[in-house]
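> Residue numbers (my numbering), protein chains in the order written: chain A, 100 to 210; chain B, 12 to 125.
We put the CB at the ideal spot given by N, CA and C, even for glycine.
One structure, as structure tokens, below. Some questions next.
Given below as structure tokens:
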């Protein structure tokens with residue numbers, strides 16, 4: 100079973116626009132991570148936010164975490180065609196790095 | 012390139028057969044994780060090894076087994092294959108154990124069971 104659920108399932112935007120996707124999870128967590136996957140290739144780690152953090156930035160990425168609502172959001176600003184990928188949130192329920200992934204949001208950025 | 016290598020890239024086999032997937036972690040990483048990605052189940056954690064010892068188990072079927080060798084490479088063995096085992100199998104590695112250690116994913120092995 101999946102811990103996280105991303106919303107929306109798919110997102111289509113134009114270059115330069117911002118993309119926002121959300122992740123909700125069910126149980127308490129140690130941290131939440133976001134990964135990117137390009138068309139059936141390996142996942143790339145984007146950012147990790149700890150359960151005691153509320154917001155984190157990395158380049159054009161901004162992640163928020165609301166543990167009271169059990170939700171997180173990933174914002175990609177000024178999107179580029181190269182951002183076209185699936186984005187997954189993954190949670191760790193205080194275990195040995197056993198990540199539980201959501202179903203992912205498929206983002207398409209058109210020039 | 013994450014530094015994690017997986018072989019083979021593609022594997023096509025028949026139901027009932029047994030296959031072995033191989034993973035070499037990044038240099039210096041002691042933890043290896045196996046994940047399965049399929050259309051219906053999404054990305055599922057299978058099993059983790061740390062320095063040769065099993066550390067965590069997920070939704071891994073009894074027909075599947077894994078091990079990590081002294082040189083830290085890992086193998087995932089899938090036996091009595093069924094059509095539903097067709098999926099992408101990813102290996103990831105990290106320096107330590109615990110999810111504050113960033114996991115680096117390999118390119119995956121695509122298994123097709125006919």
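I want to verify the contact list: residues of chain A whose CB lies under 7 angstroms from the CB of residue 54 (chain B), in sequence order.
Correct list: 187 and 200.
> Check whether the Cβ of residue 111 (chain B) lies closer than 8 angstroms to any Cβ atom in chain A.
yes
> Name, going along the chain, the residues of the stretch 38-54 of chain B whose beta-carbon falls closer than 9 angstroms to a beta-carbon of chain C.
Looking for chain C here will not work: the only protein chains present are A and B.
> From A:178, A:188 and A:112, pick the residue whose C-alpha is nearest to that of residue 163 (chain A); which is it?
A:188
> At a CB-CB cut-off below 9 angstroms, which residues of chain A make contact with residue 118 (chain B)?
140 and 141
> Return helix, strand or coil for residue 50 (chain B), following the three-state DSSP convention.
Under the three-state reduction of DSSP, residue 50 (chain B) is assigned to coil, being neither helix nor strand.
> Alpha carbons only, please: which of B:80, B:21 and B:25 is nearest the one belonging to residue 90 (chain B)?
B:25
> Please compile the residues from chain A whose C-beta is within a distance smaller than 8 angstroms of the C-beta of residue 69 (chain B).
Neighbours of residue 69 (chain B) across chain A, judged by C-beta separation under 8 angstroms: 197.
> Since residue 101 (chain B) meets chain A, which of its residues come closer than 9 angstroms, beta carbon to beta carbon?
141 and 142
> Do you know offhand how far residue 123 (chain B)'s Cα is from residue 86 (chain B)'s?
Going from the Cα of residue 123 (chain B) to the Cα of residue 86 (chain B) covers about 18 angstroms.
> Jot down the residue ranges of each uninterrupted beta strand (DSSP E) in the stretch 153-190 of chain A, minimum 3 residues, whole runs only, in chain order.
154-157, 160-165 and 170-175
> Taking C-beta to C-beta, are residue 122 (chain A) and residue 157 (chain A) nearer than 8 angstroms?
With contacts defined as CB atoms closer than 8 angstroms, residue 122 (chain A) and residue 157 (chain A) fail to qualify as a contacting pair.
> If contacts are defined as beta-carbon pairs under 8 angstroms, then residue 83 (chain B) and residue 36 (chain B) qualify, I think. What distance do you get, rounded to the angstrom?
Right, their Cβ atoms sit about 6 angstroms apart.
> Residue 13 (chain B) versus chain A: which residues are under 7 angstroms apart at the beta carbon?
141
> Taking the Cβ atom as the reference point for each residue, do residue 57 (chain B) and residue 69 (chain B) lie within a distance shorter than 8 angstroms?
yes
> Measuring only between beta-carbons, confirm whether residue 79 (chain B) sits less than 8 angstroms from chain A.
Chain A contact via Cβ: absent.
> Candidates B:121, B:109 and B:40: which alpha carbon is nearest residue 95 (chain B)'s?
The option with the nearest alpha carbon to residue 95 (chain B) is B:121.
> Measure the C-alpha to C-alpha separation of residue 102 (chain B) and residue 17 (chain B) and round it to an integer number of angstroms.
7 angstroms
> By the three-class DSSP mapping on this structure, what secondary structure does residue 115 (chain A) have?
coil
> Find the residues of chain A that neighbour residue 28 (chain B), judging by a C-beta separation of less than 9 angstroms, and give them in chain order.
Chain A residues near residue 28 (chain B): none, gap ~23 angstroms exceeds 9 angstroms.
> Answer with buried or exposed for residue 111 (chain A), where buried requires no fewer than 16 other C-beta atoms within 10 angstroms of its C-beta.
exposed
> Return the residue from the list B:66, B:14 and B:19 that minimises the CA-CA distance to residue 108 (chain B).
B:66
> Going along chain A, which residues have a C-beta under 8 angstroms from residue 105 (chain B)?
196
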